[in-house]
Amino acid sequence: MLLKNCFPVLLAFVVLTFVSCKKKKSDNPAPNVQEETLAFTLPDIQLGKYNMAMDSSYALKVNVTSKMPDAGIKVMLSVATETGSIPLSQDPVPDTKTPQFTINLRHLKPLKTYEVTVWLSSLGNTANVTTHQVFYITNKSDQ
Numbered sequence: 000m001l002l003k004n005c006f007p008v009l010l011a012f013v014v015l016t017f018v019s020c021k022k023k024k025s026d027n028p029a030p031n032v033q034e035e036t037l038a039f040t041l042p043d044i045q046l047g048k049y050n051m052a053m054d055s056s057y058a059l060k061v062n063v064t065s066k067m068p069d070a071g072i073k074v075m076l077s078v079a080t081e082t083g084s085i086p087l088s089q090d091p092v093p094d095t096k097t098p099q100f101t102i103n104l105r106h107l108k109p110l111k112t113y114e115v116t117v118w119l120s121s122l123g124n125t126a127n128v129t130t131h132q133v134f135y136i137t138n139k140s141d142q
C-alpha cells in the first residue's frame with residue numbers, strides 16, 4: 000500500500016532528474032577569436048624626420064610585426080606637400096595577406112618635400128586599425 004502512494008512521487012522525481020540533467024543545446028555559435036592588435040614598421044624610414052628619394056619614385060618597405068589577420072589588411076596612404084598640404088595622387092595600394100610588402104610612391108617632383116602618412120586596418124575587423132605613421136620625403140634629383 001505504501002508502494003502505491005510513494006510510486007507516483009518517486010516516478011515524478013526520477014523524470015524531473017533526467018529532464019534537468021539533459022544536456023542543453025547551445026544557441027550561440029562559438030565566440031569570435033579576437034584579432035591581435037595590428038602593428039607595423041617602416042624599416043628604411045626615420046619617422047617624423049626627413050628622408051631622401053633619389054628620383055621621382057620611392058619603394059617604401061612595410062613590415063607587419065603583429066599576427067596577420069586571416070582576412071588580410073587594407074593599406075591606407077596619404078601623400079601631400081609639406082607646406083601647402085596639396086595632395087599628390089598615388090596608385091591604389093592593393094589589399095594584402097603577407098607580412099612584408101612594398102608601397103611604390105610615384106610622381107615625386109624634384110626638390111620638393113612631401114608628408115607621407117601610412118596606416119593599416121584589418122579587413123576582418125574594421126575596429127582593428129593601426130596608428131598613423133608620418134614621415135617626410137624629399138626628391139633630391141634635379142630632373
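First residue of the sequence shown: 0, per numbering that gives the first Met the number 0; consecutive thereafter. Virtual Cβ for every residue (Gly too), placed ideally from N, Cα, C.
- 79 is the residue among 79, 70, 85 whose C-alpha sits nearest the C-alpha of residue 114.
- For residue 110, the closest alpha carbon among the candidates 49, 137, 33 is that of 137.
- If only complete runs of 3 or more residues are kept, the stretch 52 to 128 shows the beta strand (DSSP E) at 57 to 63, 72 to 80, 99 to 104, 112 to 121, in order along the chain.
- Taking each of 33, 43, 83 in turn and checking the Cα distance to residue 112, the smallest one comes out for 83.
- Counting along the chain, the unbroken beta strand (DSSP E) around residue 132 starts and ends at 132 to 138.
- The DSSP-derived three-state label of residue 36 is coil.
- Residue 85 counts as exposed, since fewer than 16 other beta carbons sit within 10 angstroms of its beta carbon.
- Non-local C-beta neighbours of residue 66 in its own chain, meaning closer than 7 Å and more than five positions away in sequence, comprise 35, ordered along the chain.
- One thing to note: residue 119 has its Cβ within 7 Å of the Cβ of residue 39.
- In this structure, 75 is the residue among 75, 49, 99, 123 with its C-alpha nearest to the C-alpha of residue 91.
- For residue 50, DSSP records a beta bridge to 136.
- One Cα belongs to residue 43, the other to residue 64, and the distance between them is close to 15 Å.
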